[in-house]
Amino acid sequence: MKIAFLLTSLANSGPIIVALDLVKVLMEKGHECQVFYFKDKMALDFPCPTKRLSFFMSSFDFDNFDIIHCHGVRPDLYAMLHKPLRCKTPVCTTIHSFVFQEHAYKYGPFVSKITGRIILWATFRDNKILVLSKHAKNYYENYLPLKKLTYAYNTRVCDMSASLTEEEKKEIEAFKQDGDILLGANCNLNLNKGLDLVISALPFLPPNVKFCMAGKGVSRKEWERLVKSLGLEQRVLFLGSRPAAYRYLPFYDVYVMPSHSEGFPLSLLEAAAYGKAVVCSDIPIFEEILTDEEVVRFELDNPESIVPAIQKAIENKVLLGQNIKRHFEKEYSPQCFRDRHLKIYQELIGIV
1 MKIAFLLTSL ANSGPIIVAL DLVKVLMEKG HECQVFYFKD KMALDFPCPT
51 KRLSFFMSSF DFDNFDIIHC HGVRPDLYAM LHKPLRCKTP VCTTIHSFVF
101 QEHAYKYGPF VSKITGRIIL WATFRDNKIL VLSKHAKNYY ENYLPLKKLT
151 YAYNTRVCDM SASLTEEEKK EIEAFKQDGD ILLGANCNLN LNKGLDLVIS
201 ALPFLPPNVK FCMAGKGVSR KEWERLVKSL GLEQRVLFLG SRPAAYRYLP
251 FYDVYVMPSH SEGFPLSLLE AAAYGKAVVC SDIPIFEEIL TDEEVVRFEL
301 DNPESIVPAI QKAIENKVLL GQNIKRHFEK EYSPQCFRDR HLKIYQELIG
351 IV
């Protein structure tokens with residue numbers, strides 16, 4: 001099968017990482033992939049030919065592929081505007097988040113109503129719209145044609161042989177002393193991620209419990225002020241943006257994900273692949289994909305409940321880690337990810 005991926009850029013962001021993982025697992029099975037992108041941000045290295053497109057130039061040959069798979073509003077708009085009416089090649093797209101919720105955190109509630117509708121409108125000519133969970137499918141049934149909607153769970157393809165540089169290792173080992181318990185999070189630092197709840201919980205946890213964040217974002221300065229106001233400078237480490245941040249997972253005792261909203265959390269899948277105990281919020285996506293045997297939940301409406309949740313995860317970290325790793329391998333492995341997408345592609349082109 002010959003598959004074209006239309007991406008906004010090659011930046012190190014969630015939707016592009018998903019596309020990269022999909023390209024990798026498809027090529028392993030002999031499928032031919034090509035990637036086309038619009039913005040000149042090139043942080044990720046794809047194992048297939050890549051080419052930059054001009055949004056206003058119809059230089060892309062839709063007929064040259066069996067499937068076109070878009071990731072992002074710009075690729076959707078490009079396909080909508082430039083795909084010839086006579087072209088029979090199916091176009092599918094993946095929506096990676098709950099757009100109205102995500103944009104409300106980014107741009108405010110009023111602007112999000114406009115930007116969210118633009119994203120949905122851009123899928124008008126797509127033959128199939130993939131979302132990341134059953135919950136997301138139910139959510140989008142209120143906005144998009146039911147016959148176009150389906151879902152496909154994410155995976156993560158981690159290079160388990162990748163390790164920290166000597167400098168990175170010295171930094172984390174200087175922070176995590178013998179006897180310390182390290183909570184970790186690898187993500188964008190924005191209000192939606194809820195990491196301020198972990199910071200605020202630290203004064204109620206033993207002094208050997210510390211917190212490390214790998215990532216950058218608009219909330220970092222605000223959270224640094226929170227750390228300072230609570231006198232936690234020796235217990236919280238902001239690493240900043242790090243390539244392949246999952247390399248830090250071996251140093252974490254518990255992975256924390258107190259998100260207010262998520263599409264399908266890649267960093268949680270990384271933690272699962274590494275067999276790490278996880279504390280997460282009680283939002284629907286986590287309820288759908290993981291059981292209480294695999295994670296410890298707390299109530300977002302009761303932020304103080306994160307403290308006993310962290311304590312429970314620390315006490316049961318070995319068993320929790322074993323359970324979540326087993327669940328990842330059964331339900332969210334790269335093979336499951338590939339097989340689900342191939343089934344969708346085959347249905348689109350009439351191969352059943």
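So for the sequence shown, the working numbering puts the first residue at 1; every next one is plus one.
Using N, Cα and C, we set each Cβ at its ideal position, and we do this for glycine too.
Beta-carbon proximity check, Met297 vs Ala313, cutoff 8 Å: For this step, residue 297 is matched to residue 297 along the sequence shown. For this step, residue 313 is matched to residue 313 along the sequence shown. In the sequence under discussion, the amino acid at residue 297 is Arg, which differs from the Met named in the question. Not in contact: Arg297 and Ala313 (Cβ atoms no closer than 8 Å).
Residue ranges of each beta strand (DSSP E) within the segment 197-237, 3 or longer: 209-214
Beta carbon of Met257 nearer than 8 Å to that of Ala185: To locate residue 257, count along the sequence shown from 1; it is residue 257. To locate residue 185, count along the sequence shown from 1; it is residue 185. The answer is yes: Cβ separation under 8 Å.
At least three beta-carbon pairs within less than 8 Å, the segment 24-36 to the segment 82-101: no
Touching by the beta-carbon criterion (3+ pairs, under 8 Å), the segment 241-248 and the segment 161-177: yes
Nonlocal neighbours in the same chain, by C-beta distance under 7 Å from Val227, ignoring five residues either side: On the sequence shown, position 227 is the one that residue 227 refers to. The residues are Ile199, Glu233, Val236.
When Leu182, Pro206, Ser267 are compared against Gly215, the one with the closest alpha-carbon: The count along the sequence shown starts at 1 and reaches residue 215 at position 215. Nearest of Leu182, Pro206, Ser267 to Gly215, Cα basis: Ser267.
Test item: CB-CB of Asn188 and Phe264 under 8 Å: As a first step, residue 188 must be located in the sequence shown, where it is residue number 188. As a first step, residue 264 must be located in the sequence shown, where it is residue number 264. Not a contact, by the Cβ cut-off of 8 Å.
Burial state of Asn323, where buried means 16 or more other Cβ atoms lie within 10 Å: On the sequence shown, position 323 is the one that residue 323 refers to. With 16 or more other Cβ atoms within 10 Å, it is buried.
For Val352, three-class secondary structure by DSSP: Here residue 352 is taken as the residue at index 352 of the sequence shown, counted from 1. With a pLDDT of 44 at Val352, under the threshold of 50, the modelled position of that residue is not reliable, and the figure given next carries that caveat. Coil.
Close-in-space but distant-in-sequence residues of the same chain around His135 (CB under 7 Å, 5 per side omitted): If you number the sequence shown from 1, residue 135 lands on position 135. Excluding positions up to five away in sequence, the list reads Pro284, Ile285, Glu288.
Residue burial classification, Gln101 (beta-carbon count within 10 angstroms, cutoff 16): For the purposes of this step, residue 101 is identified with residue 101 of the sequence shown, where counting begins at 1. Label assigned to Gln101: buried.
Cβ-based neighbour list, Leu191, same chain, cut-off 7 Å, excluding 5 preceding and 5 following: For the purposes of this step, residue 191 is taken as the residue at position 191 of the sequence shown. If we look at Leu191 and ignore the five residues flanking it on each side, its Cβ neighbours are Tyr105, Ser219.
Where Leu10 falls, given that 16 or more other Cβ within 10 Å makes a residue buried: Working through the sequence shown from its first residue, we reach residue 10 at position 10. With 16 or more other Cβ atoms within 10 Å, it is buried.
Buried or exposed (CB count within 10 angstroms, at least 16 for buried), Val209: One-based indexing of the sequence shown puts residue 209 at position 209. By the 10 Å Cβ count, Val209 comes out buried.
Assumed close pair Val157, Pro334 - CB separation to whole angstroms, cut-off 8 Å: Taking the sequence shown and counting its residues from 1, one reaches residue 157 at position 157. Taking the sequence shown and counting its residues from 1, one reaches residue 334 at position 334. Correct: roughly 5 Å between the Cβ atoms.
Under the three-state DSSP convention, the category Tyr248 falls into: As a first step, residue 248 must be located in the sequence shown, where it is residue number 248. It is helical.
C-alpha distance - Val352 paired with Lys343, whole-angstrom precision: To locate residue 352, count along the sequence shown from 1; it is residue 352. To locate residue 343, count along the sequence shown from 1; it is residue 343. Legend: pLDDT at Val352 = 44, less than 50; position of this residue unreliable, no value from coordinates given.
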